[in-house]
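Below is one structure, written out as structure tokens, with a few remarks after it.
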Amino acid sequence: GENVEQHPSTLSVQEGDSAVIKCTYSDSASNYFPWYKQELGKGPQLIIDIRSNVGEKKDQRIAVTLNKTAKHFSLHITETQPEDSAVYFCAAHYPNFGNEKLTFGTGTRLTIIP
Amino acid sequence: DAGVTQSPTHLIKTRGQQVTLRCSPISGHKSVSWYQQVLGQGPQFIFQYYEKEERGRGNFPDRFSARQFPNYSSELNVNALLLGDSALYLCASSLGQGVTQYFGPGTRLLVL
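Here's what the structure looks like:
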């Protein structure tokens, strides 16, 4: 089945600097890659997603890049702010099972240092 | 607009008991998926229901069951609770045709 690896597990960044989180997936047929932000005591919040027919997508300070050949995708956050502190999860969808199952990475705890 | 809602927010049960968790999807969404999130890990897929039919089941024992109602709300049932069932149970809804899923706040279950 699908497997998603996420690195790093923790990341501390000075406020205003950029943060990058990387994920790799195992099945080349995977076609959808969302990123979720989870704050303490809350459910995951979708922040950006990308489909396999697109190489890059940007939304204000957040961008995601996808390299299908290498089977990895990355989240880029620029001009980080204290409210960006949270746990971030990447996920991948493998379409051949006919359902919407997402396989998640193990998460990255991002801390923004004021 | 109201997002995905789940009830209850917290629950404490003892081993061997049964529990029912409830989820109401975003208005207009016909698909509901359930995930289990153990502390420190990413969510694990349990079930997906679309138009009241099961579309997928993850690697969970038969003690876990679910159903979807005509109004697209859903219930997750867990029988014969084990200590290891302690987790945050998340519900996600989608239109059912594009995979994009939106999560609710979760129900935190503690089994003693």
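Going down the list, the protein sequences come from chains A and B.
The letter at position 40 of the first sequence is residue 40 when you use the numbering used here, and the numbering goes up by one with no holes.
The letter at position 110 of the second sequence is residue 1110 when you use the numbering used here, and the numbering goes up by one with no holes.
All C-beta atoms in this analysis are idealised placements derived from N, C-alpha and C, irrespective of residue type, glycine included.
In this text, all values refer to a predicted model and were calculated from it rather than measured experimentally.
With 16 other Cβ atoms within 10 Å as the buried cut-off, status of residue i
i                  : result
Gln81 of chain A   : exposed
Leu1110 of chain B : exposed
His93 of chain A   : buried
Asn96 of chain A   : exposed
Ile1012 of chain B : exposed
Asp17 of chain A   : exposed
Gln60 of chain A   : exposed
For residue i: DSSP bridge partner residues
i                  : result
Glu1053 of chain B : B:Tyr1050
Glu15 of chain A   : Partner(s): none; Glu15 of chain A has no beta bridge.
Pro34 of chain A   : A:Asp49
Cβ-Cβ distance between residue i and residue j below 7 Å
i                  : j                  : result
Asp27 of chain A   : Glu2 of chain A    : yes
Arg1063 of chain B : Ala1080 of chain B : yes
Gln1006 of chain B : Pro1105 of chain B : yes
Phe1045 of chain B : Gly1058 of chain B : yes
Gln6 of chain A    : Thr78 of chain A   : no
Phe89 of chain A   : Tyr32 of chain A   : no
Tyr25 of chain A   : Val54 of chain A   : no
Arg1067 of chain B : Asn99 of chain A   : no
Gly1098 of chain B : Lys1030 of chain B : no
Ser74 of chain A   : Lys42 of chain A   : no
Residue interval of the beta strand (DSSP E) (run including residue i)
i                  : result
Ile112 of chain A  : 108–113
Lys22 of chain A   : 19–25
Thr1107 of chain B : 1107–1111
Glu1075 of chain B : 1074–1078
His1010 of chain B : 1010–1013
Gln1068 of chain B : 1064–1068
Arg1022 of chain B : 1019–1024
His93 of chain A   : 86–93
Gln1101 of chain B : Element bounds for Gln1101 of chain B: n/a, residue is neither H nor E.
Val4 of chain A    : 4–7
Val1038 of chain B : Run containing Val1038 of chain B: none; DSSP gives neither H nor E here.
Are there three or more Cβ pairs, one per stretch, closer than 8 Å when the region 1010–1023 of chain B is compared with the region 104–113 of chain A? Judged by Cβ distances under 8 Å, the region 1010–1023 of chain B makes no contact with the region 104–113 of chain A, as fewer than three pairs qualify.
Say whether the region 1009–1017 of chain B touches the region 63–80 of chain A, bearing in mind that this needs 3 or more beta-carbon pairs closer than 8 Å, one atom from each stretch. Counting Cβ pairs under 8 Å, fewer than three are found: no touch.
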